[in-house]
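Protein sequence lines correspond, in order, to chains A and B. Residue 117 in this note's numbering sits at position 117 of the first sequence, with consecutive numbering throughout. Residue 124 in this note's numbering sits at position 124 of the second sequence, with consecutive numbering throughout. The next block holds one structure in the form of structure tokens; read it before the comments.
Number of protein chains: 2
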Amino acid sequence: MDDGMRNGTGDAATLSQVFQALADPTRRDIVSRLAIGDATVGELAAPFDVSLQAVSKHITVLEQAGLVTKDKHGQRRLVHLEAEVLGLMTAWIERHQQRAEERLARLDALLAEMPHDDDSATAEPRT
Amino acid sequence: MDDGMRNGTGDAATLSQVFQALADPTRRDIVSRLAIGDATVGELAAPFDVSLQAVSKHITVLEQAGLVTKDKHGQRRLVHLEAEVLGLMTAWIERHQQRAEERLARLDALLAEMPHDDDSATAEPRT
DNA sequence: GTTGTTCTCAACCTTTTGGTTGACAACTGG
DNA sequence: CCAGTTGTCAACCAAAAGGTTGAGAACAAC
Numbered sequence: 001m002d003d004g005m006r007n008g009t010g011d012a013a014t015l016s017q018v019f020q021a022l023a024d025p026t027r028r029d030i031v032s033r034l035a036i037g038d039a040t041v042g043e044l045a046a047p048f049d050v051s052l053q054a055v056s057k058h059i060t061v062l063e064q065a066g067l068v069t070k071d072k073h074g075q076r077r078l079v080h081l082e083a084e085v086l087g088l089m090t091a092w093i094e095r096h097q098q099r100a101e102e103r104l105a106r107l108d109a110l111l112a113e114m115p116h117d118d119d120s121a122t123a124e125p126r127t
Numbered sequence: 001m002d003d004g005m006r007n008g009t010g011d012a013a014t015l016s017q018v019f020q021a022l023a024d025p026t027r028r029d030i031v032s033r034l035a036i037g038d039a040t041v042g043e044l045a046a047p048f049d050v051s052l053q054a055v056s057k058h059i060t061v062l063e064q065a066g067l068v069t070k071d072k073h074g075q076r077r078l079v080h081l082e083a084e085v086l087g088l089m090t091a092w093i094e095r096h097q098q099r100a101e102e103r104l105a106r107l108d109a110l111l112a113e114m115p116h117d118d119d120s121a122t123a124e125p126r127t
């Protein structure tokens with residue numbers, strides 16, 4: 001059920017990990033905050049009513065998905081958004097969107113060509 | 001933990017639901033298959049070594065995320081990809097990608113302007 | 001060096017997720 | 001009508017997700 005390699009310390013990750021990471025609203029909020037600029041764990045945790053530890057875990061999830069890196073700065077960790085990874089998803093999504101549109105275009109053309117009354121569907125329905 | 005309204009029968013859904021739905025590789029495979037063309041539940045289940053019931057559940061998840069609709073055709077259900085919903089995600093992603101890039105551009109400009117040696121970070125570090 | 005701040009680790013708990021099997025509803029086709 | 005196919009519903013189970021609290025490591029600052 002898993003797809004690629006798991007990565008321990010914040011390198012590029014699998015599609016599953018990226019999607020999973022962004023499936024949580026808290027984590028999306030963190031990403032939104034980081035799109036404005038880097039922030040420490042404490043700063044990121046402040047707006048939420050959950051514990052600092054919980055937010056720390058969220059950041060770890062984002063880190064393992066490759067969406068974020070942590071930088072040790074004194075006693076704090078500065079969290080930084082790695083925006084390029086988002087492109088992984090857009091690539092996947094757009095590929096499918098495009099394929100579906102092409103399919104639809106072909107279907108339209110086909111229906112325009114032969115005005116039969118055929119109630120069957122696109123994929124070959126066997127037996 | 002949740003964001004918007006839950007929907008029972010396949011209307012537009014929340015970002016969380018869409019991301020969550022696509023976080024599973026089996027479900028992404030189903031979407032890939034459907035980008036080629038509509039298919040019945042059985043056809044969709046065939047390539048996987050899990051039970052038909054498991055795939056049926058996956059399809060339900062996709063349906064509640066608004067990614068897919070089911071159409072009763074005789075005794076089978078024809079599953080159809082709703083590709084537009086994918087745009088929801090690309091919109092969100094691209095917004096953040098863009099914001100992060102802008103931020104980076106501003107930071108570069110700033111660093112080019114004043115060649116100080118400042119070890120502090122982007123977000124205001126208080127005391 | 002002691003005190004305070006920032007963050008992570010570890011143990012634990014509850015809910016959700018993805019899977020199973022078994023029963024059965026709904027429709028097809030002899 | 002009876003048998004077979006297609007899919008869902010229900011109960012159940014193990015593992016993962018998201019949360020909590022309690023310690024404690026690492027560093028800052030006085």
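We put the beta carbon where it would ideally sit given N, CA and C, even for glycine. Here the structure is a predicted model, which means the values were calculated and not measured.
Interface flag, E101 of chain A vs chain B, CB-CB below 9 Å
With 9 Å as the cut-off, E101 of chain A counts as an interface residue toward chain B.
Could you check whether the region 28-46 of chain B touches the region 93-110 of chain A, counting it as contact only if at least three pairs of C-beta atoms, one from each stretch, sit closer than 8 Å?
yes
Check whether the region 37-53 of chain B touches the region 88-97 of chain B, taking contact to mean three or more Cβ pairs, one atom from each stretch, closer than 8 Å.
Inter-segment contact for the region 37-53 of chain B and the region 88-97 of chain B is absent: fewer than three beta-carbon pairs are separated by less than 8 Å.
Of the residues B:H96, B:E43 and B:L78, the one placed nearest E63 of chain B, counting alpha carbons only:
B:L78
DSSP state of D29 of chain B, grouped into three classes?
helix
Proximal residues, the region 20-35 of chain B versus chain A, C-beta separation under 8 Å
Within the region 20-35 of chain B, the qualifying residues are Q20, L22, A23, D24, P25, T26, R28, V31, S32, L34 and A35.
For V68 of chain A and E84 of chain A, which I take to be in contact (beta-carbon distance under 8 Å), what is that distance rounded to the nearest angstrom?
Their Cβ separation, rounded to whole angstroms, is 12 Å, which puts V68 of chain A and E84 of chain A out of contact at 8 Å.
Of the listed residues B:Q20, B:A39 and B:G74, nearest to A23 of chain A (C-alpha basis)
B:Q20
Tell me, please, whether the CB atom of Q97 of chain A is closer than 9 Å to any CB atom in chain B?
yes
Around the Cβ of A28 of chain A, are there at least 16 other Cβ atoms within 10 angstroms (buried) or fewer (exposed)?
For the record, residue 28 of chain A in the displayed sequence is Arg; it is not Ala. R28 of chain A is buried by the Cβ-count criterion.
Nearest to R95 of chain B by CA position, among A:H80, A:V31, A:Q17 and A:R95, is which residue?
A:V31
Please list, in chain order, the chain A residues whose beta carbon lies closer than 8 Å to that of L52 of chain B.
Residues of chain A passing the Cβ test: none, with the nearest at roughly 16 Å.
Contact with chain B by G37 of chain A, beta-carbon distance below 9 Å
yes
Pull up the DSSP beta-bridge partners for K57 of chain B, would you.
According to DSSP, which records beta bridges pairwise, K57 of chain B is partnered with nothing at all.
In angstroms, rounded to a whole number, what distance separates the CA positions of D71 of chain A and A65 of chain B?
For D71 of chain A and A65 of chain B, the distance between alpha carbons rounds to 36 Å.
Are there 16 or more other CB atoms within 10 angstroms of the CB of Q75 of chain A, so buried, or fewer, so exposed?
exposed
Suppose the cutoff is 7 Å on Cβ atoms and the five residues either side in sequence are ignored; what does the same chain contact list for S56 of chain A look like?
V41
Which same chain residues end up closer than 8 Å to H58 of chain B when comparing Cβ atoms and leaving out the 5 residues on each side of it in sequence?
So the qualifying residues of the chain are D24, T26, R27 and I30.
Note down, in chain order, each residue of its chain lying with its Cβ closer than 8 Å to the Cβ of A39 of chain B, except the 5 sequence neighbours on either side.
R33, L78 and V79
If you measure from the beta carbon of A83 of chain A to each beta carbon in chain B, is any gap under 9 Å?
Closer than 9 Å: yes.
Does DSSP put A39 of chain A in a helix, in a strand, or in coil?
strand
Minimum C-alpha distance to S16 of chain A - residue among A:L52, A:I93 and A:Q53:
Considering only A:L52, A:I93 and A:Q53, the residue with the shortest C-alpha distance to S16 of chain A is A:I93.
Quick check on DSSP: helix, strand or coil for L52 of chain A?
helix
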